[in-house]
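Numbering (the working numbering), first residue to last: 5 to 552.
The beta-carbon is built from N, C-alpha and C at its ideal position, and this holds for glycine as well.
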């Protein structure tokens, strides 16, 4: 009999520490009770259920009400024998029900936490319902033949019940994406199929594969929702969709692009109700957090956050704005789009159709007596010049750039045509960041770092070798990926007097990096390796995102 002595509990990002403490007490009490029952009845205790034990079809043969009433769930072991998971030894009396119903003897009962039992039941019936919904929609869509669709035909089809399957299909895909927490939905036509993929925690996963003839109707439906030109199939188009799904307000940024097999669509999902994180939740090391907090409290200057699209730059900036937001400050932003709602600040949405660009909006903001300004992105010299002038005249300006690391931001701005002497006088700090996937707390496994694996994090190889770190495994809780959620790794370059002098003579990013490291800057890779040692992520994740 194997009794597992540790339980890994995932605390949802919640409202208060008090709830988390109550949750911890409940779980530790439940664990104690399960251990006692396991020892008293000689039952195996499983606090992590291997995915190979889960058979959705088997679970769905029982009624969901019966399984939830008795907190029991049928499983299969490695040999295919019937095993029944239960949240209490009191359910032993019901094991015979499973034998009678299935006609297969129960090999044994195993104890699971109540949360594990409920999760297995909900996931099984949820997946089964999702598959049934897909099947129903496709059954209706199969009989609907489309050879050519023009704008007039589309308008007729939208009012025609025969087009309902495609409306349902698009709604279903979007609902699945929101529920899964996807950041992007890709709809990609190929020669014979139409592929749908979701980006989850920064990685693309296949979700659906439809027959090619669905492509025209699906694209047309999305174009109608995004108010795009349905007849235009030869040029790229951009649009937006505002949705409410189960009380959750979601904005979709829609991009269409003509390819050799038809129009490809990518939709970025932005949930308006997303909570603004506290600085302490960003994943900054203690010293970096204090440095960043102190700089954001300066009266004037420029604070830059850099990284590729989807690296969490806006999240970090809003955490900073939330930290310094008070009634005695006038904070204004110009963004494309406005991703977070922060009470007490003025937020402006870029609208290129009406001529409201970053530069034009920023010019107007400086006449609104601001103390702090957030510019969503510095895209050109005009915006950069206005931001610098704003900082020179006593404003604190936050903005973002698309560069690979912190020193490259300086090179990028000088390449735009910004004068080095002006930039050096206002730039206070550059923060580079990437998002790494966080190990699933339910299934991460301990490993010992070898020299071969640690050498990838060469800057900290000696610190890692021989230490206990964690690797990804995979379980139903994380959809077999081994990861659940993301956290940022950072590189914070404070613009010291030494770096200012270097900027005036030579803005080469390599030289600036050497100087910054010599002054104590923790690089992206070094911060990532710290998080490996802390059990937050893996070496392979650090290498995937840092690419240094």
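Spatially closest choice to residue i from the options, by CA coordinates
i           : options               : result
residue 381 : 321, 396, 286 and 531 : 321
residue 263 : 178, 535 and 238      : 238
residue 253 : 268, 274 and 523      : 274
residue 324 : 344, 313 and 311      : 344
residue 93  : 108, 85, 117 and 70   : 117
residue 205 : 189, 342, 265 and 219 : 189
residue 522 : 271, 361, 336 and 499 : 499
residue 196 : 214, 451, 386 and 230 : 214
residue 294 : 179, 362, 433 and 63  : 433
residue 76  : 60, 124 and 398       : 124
residue 257 : 276, 266 and 265      : 276
residue 173 : 186, 198, 194 and 187 : 198
residue 506 : 547, 528, 414 and 536 : 414
residue 342 : 280, 306, 284 and 396 : 280
residue 425 : 267, 272, 510 and 310 : 510
residue 236 : 218, 219 and 260      : 260
residue 350 : 357, 104 and 331      : 331
residue 108 : 79, 537, 548 and 533  : 79
residue 497 : 291, 284 and 191      : 291
residue 450 : 475, 231 and 334      : 475
residue 317 : 227, 408 and 357      : 408
Rounded C-alpha distance that separates residue i from residue j
i           : j           : result
residue 181 : residue 210 : 12 Å
residue 99  : residue 87  : 9 Å
residue 113 : residue 96  : 7 Å
residue 286 : residue 304 : 24 Å
residue 223 : residue 249 : 20 Å
residue 393 : residue 430 : 9 Å
residue 184 : residue 212 : 14 Å
residue 302 : residue 400 : 7 Å
residue 340 : residue 514 : 31 Å
residue 151 : residue 242 : At residue 151, the pLDDT of 35 sits below 50, so the modelled position is not reliable; the number obtained from the coordinates is stated separately. Using only the alpha carbons, I get a separation of about 25 Å.
residue 161 : residue 234 : Unreliable positioning characterises residue 161 in this predicted model, as indicated by a pLDDT of 30, which lies under 50. The coordinate reading is nonetheless provided below. The straight-line gap from Cα to Cα measures roughly 13 Å.
residue 486 : residue 423 : 47 Å
residue 352 : residue 378 : 10 Å
residue 38  : residue 472 : 28 Å
residue 385 : residue 329 : 29 Å
residue 543 : residue 527 : 15 Å
residue 62  : residue 102 : 11 Å
residue 244 : residue 229 : 8 Å
residue 312 : residue 221 : 33 Å
residue 489 : residue 284 : 17 Å
Simplified DSSP state of residue i, which is helix, strand or coil
i           : result
residue 355 : strand
residue 225 : helix
residue 490 : strand
residue 402 : strand
residue 201 : strand
residue 301 : coil
residue 391 : helix
residue 111 : strand
residue 483 : coil
residue 511 : coil
residue 119 : helix
residue 253 : strand
residue 496 : strand
residue 154 : Its pLDDT being 37, under 50, residue 154 is placed unreliably in this model, and the value from its coordinates should be taken loosely. Of the three classes helix, strand and coil, the one that applies to residue 154 here is coil, per DSSP.
residue 381 : coil
residue 213 : strand
residue 243 : strand
residue 531 : helix
residue 232 : coil
residue 525 : coil
residue 181 : helix
residue 431 : strand
Whole-angstrom C-beta distance between residue j and residue i, which should lie under 8 Å
i           : j           : result
residue 370 : residue 410 : Contact doesn't hold; Cβ gap of about 26 Å is too wide.
residue 417 : residue 427 : 6 Å
residue 85  : residue 121 : Not confirmed; about 19 Å, so no contact.
residue 405 : residue 308 : 6 Å
residue 448 : residue 477 : 6 Å
residue 336 : residue 374 : 5 Å
residue 365 : residue 338 : 4 Å
residue 440 : residue 541 : 5 Å
residue 265 : residue 170 : With a Cβ gap of about 19 Å, residue 265 and residue 170 do not count as contacting.
residue 57  : residue 81  : 6 Å
Heavy atom of the ligand GTP within 6 Å of residue i beta-carbon
i           : result
residue 363 : Among the components modelled here there is no ligand, and therefore nothing to report on the ligand GTP.
Any chain D beta carbon closer than 7 Å to residue i
i           : result
residue 397 : This model lacks chain D altogether, as it is built from one protein chain only.
- Message: Runs of 4 residues minimum, wholly inside the region 29 to 104: which ones carry the alpha helix (DSSP H) assignment?
- Response: 60 to 63 and 68 to 74
- Message: To test your reading of the DSSP string, which unbroken alpha helix (DSSP H) runs of 4 or more residues are found completely within the region 317 to 379?
- Response: 317 to 328 and 362 to 369
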